[in-house]
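Please read the structure below before turning to the comments.
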Amino acid sequence: MRKIGARAWTDLTHGSVDPTRAYRVPLPSGRSIDVFFYDGPISRAIAFERLLEKGENLVNRLMGAFSAERTWPQMVHIATDGETYGHHHRYGDMALAYALSQIDSEELAKLTNYGEFLEKFPPTHEVEVVENSSWSCAHGIERWRSNCGCNSGARGSWNQAWRAPLRESLDWLRDTLSPLFERHASELLRDPWMARNNYIEILLDRSDQTVSDFLARHAVRELNDQEKTRVLKLLEIQRQLMLMYTSCGWFFDELSGIETVQVIQYAGRAIQLAEQVFGEPFEAPFLDRLEAAKSNIPELQDGRRIYERFVKPAAMDLYKVAAHYAISSLFENGLQETKTYCYDIDYEDYKSYVAGKARLVMGWVRVTSDVTLESERLSFAILHLGDHNLNGGIRAFPGNEAYGKMIDELTSAFKKADFTETIRAMDRHFGLSTYTLKSLFKDEQRKILNSILESTLSDAEQVLRQIYENNGPLMRFLADLMVPMPKALLAAAEFSLNLSLREALQADELDKERILMLVGEARELRIPLDTAGLGFAVQKNLTRMMEQLWADPEDVELLSQMENAIQLVKQLPFEVNLWYVQNNYYELVQRVYPEQKIKAEAGEEPAAAWIKPFLALGEKLDVKAGETASR
5 MRKIGARAWT DLTHGSVDPT RAYRVPLPSG RSIDVFFYDG PISRAIAFER
55 LLEKGENLVN RLMGAFSAER TWPQMVHIAT DGETYGHHHR YGDMALAYAL
105 SQIDSEELAK LTNYGEFLEK FPPTHEVEVV ENSSWSCAHG IERWRSNCGC
155 NSGARGSWNQ AWRAPLRESL DWLRDTLSPL FERHASELLR DPWMARNNYI
205 EILLDRSDQT VSDFLARHAV RELNDQEKTR VLKLLEIQRQ LMLMYTSCGW
255 FFDELSGIET VQVIQYAGRA IQLAEQVFGE PFEAPFLDRL EAAKSNIPEL
305 QDGRRIYERF VKPAAMDLYK VAAHYAISSL FENGLQETKT YCYDIDYEDY
355 KSYVAGKARL VMGWVRVTSD VTLESERLSF AILHLGDHNL NGGIRAFPGN
405 EAYGKMIDEL TSAFKKADFT ETIRAMDRHF GLSTYTLKSL FKDEQRKILN
455 SILESTLSDA EQVLRQIYEN NGPLMRFLAD LMVPMPKALL AAAEFSLNLS
505 LREALQADEL DKERILMLVG EARELRIPLD TAGLGFAVQK NLTRMMEQLW
555 ADPEDVELLS QMENAIQLVK QLPFEVNLWY VQNNYYELVQ RVYPEQKIKA
605 EAGEEPAAAW IKPFLALGEK LDVKAGETAS R
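Quick note on numbering: the sequence shown equals residues 5 to 635 in this note's numbering.
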């Protein structure tokens, strides 16, 4: 660092840069860029040292960063992740809001931004930034390519030696596919790399008009449908090649972590598209390299096994989309034209038959990708024998005659309840490639499994509740004598009490007496409560009430109901997150309360009757309506 115009430099390599002023960085091009260095100690205190527990602490720490010994205009600023405020640190957003409000209202300092500060106080010093440095790695940028020792600290015995072979694998894929992209794209696009850069226009708006305008500007001529799909696949390959370098893929501790698996999935998608477009095998040589990346978890072994276990099954194509759609129809009211993620699905024929618990659905659909515009007619047959026993087949639509033959053969066998022959007929028409519940997208898979488990769980609930009710007096006697509870009875009591509490807390009207009775019973028997689950149940119920209040803010009865609910929450032995309710109440104070107050002061009885329960609710929520409305 040096003063602009001076000759001698001061070495600030060890982090002694003053973050309260702006600096100018001269660039090799002859131009320059103005930069700020954030306050590292305060930023770390916010992220890791619980500085957000009290807004006053944040105010004091920020103001303490100013110094009377400095003779120049100072700016105190930090750099933290947005999710710090509320996600990583609950109520952190409130601490930040309080701090900013105090600093502004008490005129402790002026709130500003980098642009205003630069305009008023241009840099007086210039710096040279250390090359290949980063904010989260003491070793430069090694966290993204080597086993440098930087990690989350959660597993001290683990290593990150997998980073280097992972990056080498991705670099190989990028360097292999990019020349092929350029060569093939040049046949259809004027400037492949400019088109790649401008592809963001389509990502932001995948409408037909946007795609048409994009191709009109970049294509060498008017393209047919197949060529349009080819261009979009080529551009999507480039997009995936960029996505696979997403920073968090290297940031954490383990090769099989969700962040790293995600970047490998991007690579898998690039491979899938590249093999379709270029007609060459890329997956095998990629996996040969990825195998050198070793997992810290023995059973997962290495990158190849992780790819085969987590990436390959997640790969999506038009056939899997059709399978998802057809299987889902078994558990819904038949087929409907719909959009599933980035796929449009239009059905042309659908037939459904029932034989006892078994069900057979058949038909054909057209599946179209919004991303590549690839479209295909696919026929399907799904046989459900009850519970999770499901077998399905998908194939390209074979034509009306072959399709009709398939319908006849499967229908004939199924109507005779000859399920073995039905499956054989499916094998003849669809081959041995079968689809099951595992073929569904995860959300729908869990939804259907919950539906399948519903009756089984209902039976189990009744049995466990009966055990608890029959043995409750004995359990209370054992608890009174401090005799250890038999595990079987303890399990029945824990399940029954937690379930009863959850049901009571989810009810439209909260029965305070019953809820506190159940809590007391659990305390008496020393039964552990599912505090996280129960707290979430209350939170959802309060969210529902608040949404109803927004729909009708003048509902006095609902205001009283919410006040009672919040009063109950404060008596529960577990924490309930009131963030949503408090913030929405604040919005009501800003938007509804002033008008109601004016009406009440003018003598309007409904408004006067509304003010009291509204303020009472605010008192329970620790939000002072009178003060917040005046801000």
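For each residue, glycine too, the CB sits at the ideal point set by N, CA and C.
- For the pair of segments examined, the region 36-44 was found not to touch the region 152-169: the number of CB pairs separated by less than 8 angstroms stays below three.
- Contact check for Ala199 against Leu192 fails: the beta carbons are separated by 7 angstroms or more.
- In this structure, DSSP gives Ser379 an extended state, which the three-state scheme calls strand.
- Bridge pairing for Thr344: Tyr347 [DSSP].
- Shown here for Pro77: same chain residues with a beta carbon closer than 7 angstroms to its own, the five before and five after excluded, namely Phe125 in chain order.
- Exclusion of the five residues before and after Ala604 leaves Ala611, Ala612, Trp614, Ile615 as the residues of its chain whose Cβ lies within less than 8 angstroms of its Cβ.
- Note on Thr264: 16 or more other CB atoms within 10 angstroms of its CB, so buried under the neighbour-count rule.
- When Phe499, Val235, Leu247 are compared, the shortest CA-CA separation from Phe282 is found for Val235.
- Per DSSP, the beta bridge partners of Pro30 are Ser36.
- The C-alpha of Phe384 is placed about 33 angstroms away from the C-alpha of Phe290.
- By the neighbour-count definition (other C-beta atoms within 10 Å, threshold 16), Met486 is an exposed residue.
- Less than 7 angstroms separates the beta-carbon of Trp254 from that of Arg167.
- Beyond the five residues adjoining it in sequence on each side, Arg6 comes within less than 7 angstroms, by CB distance, of Ala12, Trp13, Thr14, His129, Glu130 in the same chain, given in chain order.
- By the Cβ neighbour-count rule, Asn201 is exposed, with fewer than 16 other Cβ atoms within 10 Å of its own.
- Trp614 sits in a helix when the DSSP states are folded into three classes.
- Counting only the Cα atoms, Met67 lies some 14 angstroms from Leu100.
- In the structure shown, Leu394 falls within a strand segment according to DSSP collapsed to helix, strand and coil.
- Secondary-structure assignment with DSSP links Glu130 through a beta bridge to Arg6, Arg28.
- CA-to-CA, the gap between Leu377 and Lys232 works out to about 8 angstroms.
- Where Ala362 is concerned, the enclosing beta strand (DSSP E) starts and stops at 362-373.
- Per DSSP, reduced to three states, the secondary structure at Phe384 is strand.
- The closest CA to that of Met430, considering only Lys114, Leu387, Ser455, is found on Leu387.
- According to the DSSP assignment, Lys124 belongs to the alpha helix (DSSP H) that extends over 118-124.
- C-alpha of Gln594 to C-alpha of Ala113: approximately 26 angstroms in a straight line.
- Using a Cβ-Cβ distance cut-off of 8 angstroms, the region 435-452 and the region 366-377 are not in contact, since fewer than three pairs of beta carbons, one from each stretch, lie closer than that value.
- Counting along the chain, the unbroken alpha helix (DSSP H) around Ile310 starts and ends at 307-310.
- Under the rule that a run must span 4 or more residues, no alpha helix (DSSP H) segment is found entirely inside the region 405-433.
- Selection Asp534, Val596, Leu503, Leu514 evaluated against Ile570 yields Leu514 as nearest (Cα-Cα).
- Judged by beta-carbon spacing, Ala483 lies within the 7 angstroms limit of Leu529, meaning their Cβ atoms are closer than that value.
- In this structure, the beta-carbon distance from Ala271 to Met248 falls below 7 angstroms.
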